[in-house]
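Contents: one structure, followed by commentary.
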Amino acid sequence: MPEATAVEELATLESTAQAELATATDEAALRGWNTKYFGDRGAVKQALAAIGKVPKEQRAGYGLEANRVKVALETTYAALLEQAKEAAMRKGLSENPLDVTLPARPLPRGTLHPATQILRQIYAIFAELGFRVYRTREVETDENNFELLNMPPHHPARDMWDTFFTTTPGQVLRTHTSPGQIHVMRENAPHPVRVILPGMCYRNEAISTRSEIQFLQVEGLCIGEGVTMCDLKGVITAFARRMFGPERQIRIRSSYFPFTEPSIEVDIDWPADDPNRDRLTKGTGWLEILGAGMVHPTVLKNGGYDPEKVTGFAFGMGPQRMLMLQRAIDDIRLFWQNDQRFLKQF
Ligand code: FA5
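This note's numbering puts the first residue of the sequence shown at 3, with every later residue one more than the last.
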């Protein structure tokens with residue numbers, strides 16, 4: 003019998019390898035087969051390395067065939083390995099079925115900061131009343147924070163707001179959101195406006211359970227022809243009812259702000275049966291929620307409006323104090339301390 007040619011040997015190698023592969027039924031057997039044929043000293047590796055020993059005239063044909071055999075075996079192996087893995091997984095699942103009724107492990111979820119929550123509540127109520135949100139700067143000019151709001155230098159009313167000054171002359175951290183009124187007016191005059199201006203304010207105050215040096219305010223401003231104190235009363239009443247419940251009484255007291263005339267402060271009554279009532283209302287039964295008034299003609303003029311033609315009302319409230327009342331929070335300092343035990347309650 004004549005000696006088998008190198009190419010014939012390749013054919014034998016292929017059929018033997020394929021036959022063995024067909025009997026490998028699990029992953030371990032398949033991997034054993036792979037080592038035998040494709041390991042460092044594996045038969046296919048050796049057949050490929052043997053190309054140099056093949057007679058010259060057969061070499062090209064041998065090389066092509068050797069590569070074809072290699073690819074064919076690799077392809078079959080990969081497909082069978084995939085099948086074996088899949089079968090093992092199915093077997094595992096049927097032997098140890100998953101209990102899909104087990105509750106999932108809870109994911110720790112963050113919540114909105116309570117200050118953000120109360121602000122959003124306020125935005126929603128005023129949105130229904132037709133007010134849009136307008137944002138203004140926290141570092142203000144002394145002119146906007148005081149002068150244009152009818153408080154010239156040395157005006158005694160400035161004592162109501164102990165201020166942080168920056169190193170830039172004439173620039174202060176705003177003590178209230180009221181300077182935002184000037185920005186809104188100058189951008190919109192002579193057209194009517196109805197906006198709320200939320201944001202951070204800063205005062206050089208003695209920190210206590212009710213007062214922080216950094217706190218939120220929400221300013222409101224409505225300007226147009228024929229706007230009256232009745233409109234202010236209506237808006238404030240509607241707001242307080244939505245915020246604190248329909249049963250609440252609202253009390254309006256006269257007050258003083260240099261930028262409104264007349265000026266008022268607004269209280270709401272606290273339910274007589276609430277055990278926190280005395281503590282929260284300092285024994286009076288009434289709680290102040292905001293300052294407000296009809297925009298002073300000088301301020302209207304400073305904003306670019308003609309006080310002969312239009313009138314307006316403005317108010318300024320403290321959302322953190324409102325949330326304190328709503329949820330019986332007894333210390334305003336909790337807001338910015340980032341204590342999870344406090345924040346997780348909201
Ligand atoms: C003002 O700041 C006026 N600009 C309000 C205003 C606007 C009146 C428009 C008229 C027209 P007042 O200083 O009272 O007013 O502050 C308003 C609210 O801000 C207070 O009722 C309180 O809820 C809140 N607030 C004031 N100071 C602090 C503080 N240190 N910490 C936390 N909240 C404060």
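The beta-carbon is built from N, C-alpha and C at its ideal position, and this holds for glycine as well.
Beta carbon of E221 nearer than 8 angstroms to that of Q183 | yes
Compute every distance between the C-beta of H156 and the non-hydrogen atoms of the ligand FA5, then say whether any falls below 7 angstroms.
-> no
Exposed or buried, what is E249 when buried is set at 16 or more other beta-carbons lying within 10 Å of its beta-carbon?
-> exposed
Cβ of Q219 within 7 angstroms of any heavy atom in the ligand HEM?
-> Looking for the ligand HEM in the displayed structure turns up nothing; the ligands present are the ligand FA5.
Nonlocal neighbours in the same chain, by C-beta distance under 7 angstroms from N146, ignoring five residues either side = P181 and I184
Cβ-heavy atom distance, T349 to the ligand FA5, below 7 angstroms | Examination of residue 349 is not possible in this model, given that the chain is present from 3 through 348 alone.
Find out if the Cβ-Cβ distance for the pair E227, V312 is shorter than 8 angstroms.
-> yes
Alpha carbon to alpha carbon, what distance is there between T103 and A80?
-> 36 angstroms
If you measure from the CB of F166, is any heavy atom of the ligand FA5 nearer than 7 angstroms?
-> no
Would you mind reading off the limits of the beta strand (DSSP E) that contains E1?
-> This structure gives no information on residue 1, because the portion of the chain shown stretches from 3 to 348.
For L325 and I238, the rounded distance between their alpha carbons | 17 angstroms
Between which two residues does the alpha helix (DSSP H) carrying T78 extend?
-> K58 to E97
Under 8 angstroms between C-beta atoms of P321 and A191 | no
Could you tell me if T304 is buried or exposed, where buried requires 16 or more neighbouring beta carbons within 10 angstroms of its beta carbon?
-> First, the residue type needs correcting, since residue 304 is Asn and not Thr in the sequence shown. By the 10 Å Cβ count, N304 comes out buried.
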